[in-house]
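What follows is a short report on a single structure.
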Amino acid sequence: MASQRAAGLVLAAGAGTRFGMPKVLAAEGVWLSSAVAAVHAGGCAEVLVVLGAAEVDVPPPARAVIAREWADGLSASLRAGLAAVGGLDVDWVVITLVDTPDIGADTVRRVLDAARASASGLARAVFGGRPGHPVVLARRHWPELAGRLQGDTGAGPFLRGRDDVLAVECGDLATGADVDEPAR
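Sequential numbering of the sequence shown, starting at 144, is according to the working numbering.
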């Protein structure tokens with residue numbers, strides 16, 4: 144039987160230009176703590192937080208990964224995270240963002256369980272049919288994804304180019320909203 148161990152990868156390296164500060168600092172670190180707790184309680188044995196524009200202490204049980212080239216865009220952050228996850232004894236990665244604060248452990252667990260049960264080993268949360276996070280990938284997909292990353296894009300182009308990604312509706316659990324601007 145294949146390993147069921149998963150790692151959570153929280154992407155939190157950006158400068159948050161539209162937000163006015165790095166989002167890893169938002170709500171005095173509450174978003175970061177919530178993201179770490181969600182992926183850990185959602186089934187991830189290991190949790191890595193990719194930092195860049197701001198380097199902060201990450202809450203346990205997470206460990207920090209520094210994306211030195213974070214200013215090159217989301218692809219650099221995801222590439223750094225995938226490289227770090229590749230050194231762990233896990234066969235699944237759950238990718239989420241620090242700026243989706245209403246994603247909880249129930250959402251992570253639902254998408255991870257769906258990916259584990261699928262033949263493709265690929266699943267992503269959708270909210271009312273709108274694609275979002277988390278995204279779950281079996282280890283066999285990591286090299287192809289890493290090789291296709293460029294600019295300020297993440298896994299989206301890779302996932303859209305496939306017809307075997309399981310869309311897991313999670314609109315009953317969260318909005319999945321990506322917060323790009325501060326509340327007014």
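Cβ coordinates follow ideal geometry from the N, Cα and C atoms, glycine included. Note that this is a predicted model, so its numbers are computed, not measured.
Which whole-angstrom value is the C-beta distance of residue i and residue j, which I expect to be below 8 Å?
i    : j    : result
A149 : V278 : 12 Å between Cβ atoms; not a contact.
L255 : G185 : 6 Å
G264 : L280 : 7 Å
I246 : A298 : Contact flag wrong, Cβ pair sits at about 16 Å.
W285 : L225 : 5 Å
A156 : W213 : 4 Å
R253 : Q147 : Contact doesn't hold; Cβ gap of about 15 Å is too wide.
Provide the residue(s) that pair with residue i in DSSP beta bridges, ordered along the chain.
i    : result
F270 : R273
A310 : R267
V190 : G151
Looking only at its chain, what residues have a beta carbon closer than 6 Å to the beta carbon of residue i, apart from the 5 residues adjacent to it on each side?
i    : result
R282 : D234
G275 : A268 and G319
A197 : P165, V167 and L168
W95  : In this structure the chain extends from 144 to 327, so residue 95 is not present and cannot be described.
G159 : P165 and K166
A317 : D245, I246 and T250
F301 : L288 and R291
D321 : D242 and T243
L154 : V193, S220 and L240
Output yes or no for whether 8 Å exceeds the beta carbon distance between residue i and residue j.
i    : j    : result
A210 : L194 : yes
L309 : A248 : no
V192 : V179 : yes
G216 : G294 : yes
L152 : V228 : yes
A266 : V236 : no
Tell me which residues share the same chain as residue i and place their Cβ nearer than 7 Å to its Cβ, disregarding the 5 neighbours each side in the sequence.
i    : result
P325 : F162 and G163
P204 : H183 and V190
A145 : Because the pLDDT at A145 is just 49, under 50, the model does not fix this residue reliably, and the point stays unresolved.
A223 : V193, V208 and A210
L292 : S218, L221 and R222
Less than 7 Å between the CB of residue i and some heavy atom of the ligand FMN, yes or no?
i    : result
G163 : The ligand FMN is not among the ligands present in this structure, which contains no ligands whatsoever.
Less than 8 Å between C-beta atoms, sequence neighbours within five positions excluded: which residues of the same chain meet that for residue i?
i    : result
S176 : P202
S170 : Rather than Ser, the amino acid found at residue 170 in this sequence is Ala. Same-chain partners within the cutoff: P244.
Which whole runs of the alpha helix (DSSP H) in the stretch 200–241 are 4 residues long or more, in chain order? Segments of the alpha helix (DSSP H) lying fully in the stretch 200–241: 217–229.
As an exercise, report each continuous beta strand (DSSP E) stretch of at least 3 residues that is fully enclosed by the stretch 148–179, in chain order. Runs found: 149–154.
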